[in-house]
Structures are given as structure tokens and as C-alpha cells.
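Q: Can you read through this structure? Questions will come right after.
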Amino acid sequence: MSMQAVFRPTRASPGARSSVVRGGRVLVSTGGCPKELLIGKAAFMGSGVFRGESSLHIAARVRDNRRTARCTRQARLPQVSCRVGGVKQLPIFPLNMVGLPDAKVTLHIFEARYRVLFNTLLYGLDDVEEGMVQKDSVFCGTRRFGLVYVNPRGGLASIGCCLEIEKHRQLEDGRLLVVMRGVERFRIRRVVADKPVLITEVEVLEDEEDEETLKELEGEGGLAEEVRELFCNTLTLGRKMQGKPAQESFPSQLFELPAPRMSFWIAGMFSGAEEQQQLLELSTCRGRLEREKEILKGTLDYLTASAALKSALGEMPSDSS
Numbered sequence: 003m004s005m006q007a008v009f010r011p012t013r014a015s016p017g018a019r020s021s022v023v024r025g026g027r028v029l030v031s032t033g034g035c036p037k038e039l040l041i042g043k044a045a046f047m048g049s050g051v052f053r054g055e056s057s058l059h060i061a062a063r064v065r066d067n068r069r070t071a072r073c074t075r076q077a078r079l080p081q082v083s084c085r086v087g088g089v090k091q092l093p094i095f096p097l098n099m100v101g102l103p104d105a106k107v108t109l110h111i112f113e114a115r116y117r118v119l120f121n122t123l124l125y126g127l128d129d130v131e132e133g134m135v136q137k138d139s140v141f142c143g144t145r146r147f148g149l150v151y152v153n154p155r156g157g158l159a160s161i162g163c164c165l166e167i168e169k170h171r172q173l174e175d176g177r178l179l180v181v182m183r184g185v186e187r188f189r190i191r192r193v194v195a196d197k198p199v200l201i202t203e204v205e206v207l208e209d210e211e212d213e214e215t216l217k218e219l220e221g222e223g224g225l226a227e228e229v230r231e232l233f234c235n236t237l238t239l240g241r242k243m244q245g246k247p248a249q250e251s252f253p254s255q256l257f258e259l260p261a262p263r264m265s266f267w268i269a270g271m272f273s274g275a276e277e278q279q280q281l282l283e284l285s286t287c288r289g290r291l292e293r294e295k296e297i298l299k300g301t302l303d304y305l306t307a308s309a310a311l312k313s314a315l316g317e318m319p320s321d322s323s
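The sequence shown lines up with residues 3 to 323 when you count with our numbering.
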């Protein structure tokens, strides 16, 4: 599954006018979809003359950079505290994809307010656009934010995933390429600010299982082992059906991660954001593994039947009449 996405504002984008938690979803009401801001680097702020440019071109350049500076000012993050009563606060990036613990996510950032946010999060590292950094923000240099799923109806989920930026690269046109890894689940408790980006109070979610249950899941012949075997068999048969060589080795996460984290990692391999969000919201490792076992078994049965049918059709004599 491709984990790369280009952000496009949605009706649940955090330029929203109001936010309310209802029925397990954070519903965001907007006055329409905000315009996309394709803004270049704010390096030129003066009115210097460039060789070969007409006065009209110079005037246009000055207007463009004034507009960039204005948008940057408007995109300043609100002043909030990082923790309130032991509850963590996070800037939220709403998107039509799901972040999961231990899964990788790649994003292209181009809208002004999110360029300010991500350059602020990355402050202290190389290749950061200094003019976009808000140094007085409590999120400055933290490298962490929340990714929350926006469903096709425009509703913002109340459970999301905290992501940590691992790699980034500034592109020539002003966009920012970032690669993140999921760290932990959270539930949105309260909206602190909705402009220029959504900031919420969140509580970190832990699985509702004790050590004995986890030992049972991880034990020989346990549910975790069943899911690992199904995943490997499905991957092997899928490659065979595509005419690709057999898998020489399987991803290390499959065997190195403990069952709870492995279950999230496997969920990140599935296609379909709605299914991934449901897996993210399950409160037990057993629940996730049972659902993944069901999905993988169904997929493996389908591939097995397809392979048998293909083999049978290949063995049938051709019609020579």
C-alpha cells in the first residue's frame, strides 16, 4: 500500500469555524473549503532590481512576496501550553488517511499554515526554512504532531495517532517533504484552537490488557503467531500470482515487534482508510489480531482459489476446431 499522500484541504480542514465532539467523532463545521496557498519561499522581502526583469515583473514580485509575508504572519501558531492538567496538547493535521503506531507516513506540505507548523516542529535540524519558524511556540523543535482521519462525509475522528518526523527535505518550489513514524494513539478531549491550525488536548490511549493476556497472545501457537503465519503466506502467494520471485525474507517488524505494536504495523499494510481507522480504534491487541486474522484468511482463501482456477484453465486443452 502506498503511504504517500499530497495534502488537499477538506471540509474538515482546521480552518474551521467551530468544533464539537459528538457520537465519538469531532465534527468540524466550516464556511466552505479554504483556498490552496501555493506559496514559494519567503527569501526575498525587498524591492531589488533583477537583471532582465521589467518594472511590471518587479512590481509583481514585490506584491507576491508581500502576500507571502502576510500569509506567514496569519499562519502563526496560537500561544498555548504544552500540558494542561497532565493532558498533552498536540497540533492536529486532519487528512483522508490514517496514521498507525510503527507505520510510516510520507507527506508533501505546501500550504502556508502547515509550512509554518512543520518548519516550527523541525526547528534545530538542518534544512529548515528559518523564515517560517515560530520560535516562541511550545511546539518548536518537538517534531511531533497528531494525524487524524477525515472520513468521506467530512467528519474528523476523535481517535488519532501521534507521529514523529524522522526525515525531511525542503523542495525548490517551497514545498516540504516529510517522512514520519507512528508513535502512539490518542483520543481528542477538547479543541484548544482551530486557527490557523487545529490544536487539541489529547489523552494517550493504552491497550486494555494485562501481561498474562499478552503472554498468551505471544505464546507458541498463540494468536500473534497465527497472524504472522497468515501474513507471510498471503504475501508469498500474492507475489506468486503476480509472477514475482518468492520472498527471500519477510519484514523484520513482523518478528521483532511485540504483539501490540506488530498488530498496528500489520494494520498499516492494509488498504482502505476506514478499515485502518477501525483497527486503530480497537482497545485491545486481541481485538486487532482477531480482525487481522479474519482479513488475512479471507485474502489467502481468495488468492488460493484464484491460483487453482488459473492452474485449471491453463491445463485445459485448447479448442482446435
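Built from N, CA and C at the ideal position, the CB exists for glycine as well.
Could you tell me which residues DSSP puts in a beta bridge with Y151?
A: Paired residue(s): L97.
Q: Quick one: Cα of E1 to Cα of K90, how far?
A: This structure cannot settle anything about residue 1, because the visible part of the chain is limited to 3 through 323.
Q: Note the first and the last residue of the continuous alpha helix (DSSP H) segment covering A248.
A: Taken as a continuous stretch (DSSP letters only), A248 belongs to no alpha helix (DSSP H), as it is neither H nor E.
Q: Taking its Cβ as the centre, do 16 or more other Cβ atoms sit within 10 Å of A248, making it buried, or is it exposed?
A: When all chains shown are included, A248 counts as exposed.
Q: Near E218, which residues of its chain fall below 7 angstroms by C-beta distance, leaving aside the five closest residues on each side in sequence?
A: Counting only Cβ-Cβ distances below 7 angstroms, and skipping sequence neighbours, we find G224.
Q: How should C84 be labelled, buried or exposed, when 16 other C-beta atoms within 10 angstroms of its C-beta is the threshold for buried?
A: Its pLDDT being 44, under 50, C84 is placed unreliably by the model, and the measurement read from it follows with that caveat. So C84 ends up on the exposed side.
Q: Is DSSP giving R177 helix, strand or coil here?
A: DSSP places R177 in coil when its eight states are reduced to three.
Q: Closer than 8 angstroms is the cut-off here; do at least three beta carbon pairs connect the segment 210-217 with the segment 120-139?
A: No, the segment 210-217 does not touch the segment 120-139.
Q: Please identify the residue among M271, Y116, N121, S251 whose C-alpha is closest to the C-alpha of K197.
A: Nearest of M271, Y116, N121, S251 to K197, Cα basis: Y116.
Q: Can you find a C-beta in chain B that's less than 7 angstroms from the C-beta of R177?
A: This model lacks chain B altogether, as it is built from one protein chain only.
Q: Helix or strand or just coil, what does DSSP make of L124?
A: Of the three classes helix, strand and coil, the one that applies to L124 here is coil, per DSSP.
Q: What does the alpha-carbon distance come out to for the pair L97 and E222?
A: Using only the alpha carbons, I get a separation of about 39 angstroms.
Q: Out of A226, L315, C164, G274, which one is the CA nearest neighbour of C287?
A: Residue A226 is the option with its Cα nearest to C287.
Q: I'd like to know if the segment 172-187 and the segment 225-243 are in contact, where contact means that at least 3 CB-CB pairs between them fall below 8 angstroms.
A: Not touching, per the Cβ criterion.
Q: Compute the beta-carbon to beta-carbon distance between F141 and L123, rounded to the nearest angstrom, for a pair I have assumed lies under 8 angstroms.
A: About 6 angstroms separates the two Cβ atoms, so the contact holds.
Q: Per DSSP, which residues does F188 bridge with? Please list them.
A: DSSP, once it has assigned bridges, lists G162, V206 as partnering F188.
Q: Excluding the 5 residues preceding and the 5 following R146 in the sequence, name in chain order all residues of the same chain whose CB lies nearer than 8 angstroms to its CB.
A: Once the five neighbours on either side are set aside, the close Cβ partners of R146 are L92, L123, C164, L165, E166, I167, V185.
Q: Quick one: is D303 buried, meaning 16 or more other Cβ sit within 10 Å of its Cβ, or exposed?
A: D303 comes out exposed.
Q: Give me the Cα-Cα distance between L259 and P253, rounded to the nearest whole angstrom.
A: Cα-Cα distance, rounded: 11 angstroms.
Q: Exposed or buried, D104, counting other C-beta atoms within 10 Å across all chains shown (16 or more means buried)?
A: That one is buried.
Q: Among the residues of its own chain, which have a CB less than 8 angstroms from the CB of A307, if the five just before and after it don't count?
A: Counting only Cβ-Cβ distances below 8 angstroms, and skipping sequence neighbours, we find nothing.
Q: Please classify M271: is it buried, with 16 or more other beta-carbons within 10 angstroms of its beta-carbon, or exposed?
A: Buried, because 16 or more other Cβ atoms sit within 10 Å of the Cβ of M271.
Q: What are the boundary residues of the beta strand (DSSP E) that includes L109?
A: Here the beta strand (DSSP E) through L109 covers 106-111.
Q: Look at V152 and G162 and say whether their C-beta atoms are less than 7 angstroms apart.
A: Cβ atoms of V152 and G162: not closer than 7 angstroms.
Q: Look at the alpha carbon of K242 and the alpha carbon of T202, and state the distance between them as a whole number of angstroms.
A: Their backbone Cα atoms lie some 46 angstroms apart in a straight line.
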